Amino acid sequence: EHARYGNLGFLPKKRSQRSRGKVKSFPKDDASKPPHLTAFMGFKAGMTHVVRDVEKPGSKMHKKEQCDAVTIIECPELVVVGLVGYVRTPKGLRGKKTVWAEHLNDEIRRRFYKNWFKSKKKAFTKYAKNYTNGSIEKDLEELKKSCDVIRVIAHTQVRKVKGLKQKKAHIMEIQVNGGDAAAKVDFGFALFEKTVPVDSVFQQDEMIDLIGVTKGKGFQGVVTRWGVTR
5 EHARYGNLGF LPKKRSQRSR GKVKSFPKDD ASKPPHLTAF MGFKAGMTHV VRDVEKPGSK
65 MHKKEQCDAV TIIECPELVV VGLVGYVRTP KGLRGKKTVW AEHLNDEIRR RFYKNWFKSK
125 KKAFTKYAKN YTNGSIEKDL EELKKSCDVI RVIAHTQVRK VKGLKQKKAH IMEIQVNGGD
185 AAAKVDFGFA LFEKTVPVDS VFQQDEMIDL IGVTKGKGFQ GVVTRWGVTR
């Protein structure tokens with residue numbers, strides 16, 4: 005028998021269970037700037053091509069036209085529904101407190117059920133009482149006093165994406181940078197149950213990072229799939 009050729013590091017070869025990529029790090033915080041969001045969620049709408057002028061002095065292609073493939077990302081407005089506070093520890097960030105909005109859409113509540121049709125649809129119904137008994141103010145004060153990192157919980161509006169039959173919203177934590185902890189909590193709480201457009205997070209012609217589950221390489225051979233040598 006010969007030694008196995010395939011690299012076991014590529015196993016298991018199956019489709020990922022996650023339909024949303026993992027954000028493992030956010031931009032570095034700068035307290036001198038006003039509070040702002042640092043990420044956004046979008047859906048791949050398709051691909052096309054652009055003809056652009058190459059700006060590379062010293063190259064033969066400088067000031068010449070080049071055709072590039074581009075991906076179009078559809079970005080419906082996000083809805084902010086919560087706040088999460090983290091404390092820095094020697095072992096990394098540790099979750100301290102989570103605050104949810106009073107009213108949550110059915111799109112996000114579907115995410116917490118395996119079968120929404122047969123369920124009693126009672127998710128977050130008891131949590132809304134925190135706004136009537138006044139305990140929500142205590143939670144916000146705890147976030148301001150004891151938390152080092154503040155992130156908002158936002159979800160997509162799947163119904164606004166044409167061609168998608170999905171009804172469950174995608175949920176994500178987005179870090180709030182700028183200002184102190186109290187300013188971040190006030191900024192995030194002011195966004196509760198409100199929509200956030202993409203142009204309020206990113207500027208035109210801004211260089212950003214795109215994160216997905218996989219880049220996608222199409223139909224490939226044994227070298228790409230298994231990492232063997234020729």
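Quick note on our numbering: the sequence shown kicks off at 5 and runs consecutively. C-beta atoms are modelled at their ideal positions from N, C-alpha and C, and glycine is treated no differently. As the structure is a prediction and not an experimental result, all values here were calculated from the model.
Distance from the Cα of R19 is smallest, within the candidate group R234, G220, T233, for G220.
DSSP places R98 within a strand segment (E or B) once states are collapsed to three. For L108, there is no enclosing beta strand (DSSP E), as DSSP marks it with neither H nor E. Just so you know, the alpha carbons of F128 and L108 end up roughly 8 Å apart. Assignment of beta strand (DSSP E) within the stretch 108-172, counting only whole runs of 3 or more residues, yields 153-159 in chain order. Beta-bridge pairing by DSSP links Y9 to no other residue. By the neighbour-count criterion, in which 16 or more other beta carbons inside 10 Å mark a residue as buried, F191 falls on the buried side. Under the criterion of beta carbons closer than 8 Å, M65 and H174 do not qualify as touching, at roughly 39 Å. Inclusion of V91 and I157 in the CB contact set at 9 Å is not warranted, their separation being larger than that value. DSSP places K198 outside any beta strand (DSSP E), giving it a letter other than H or E.
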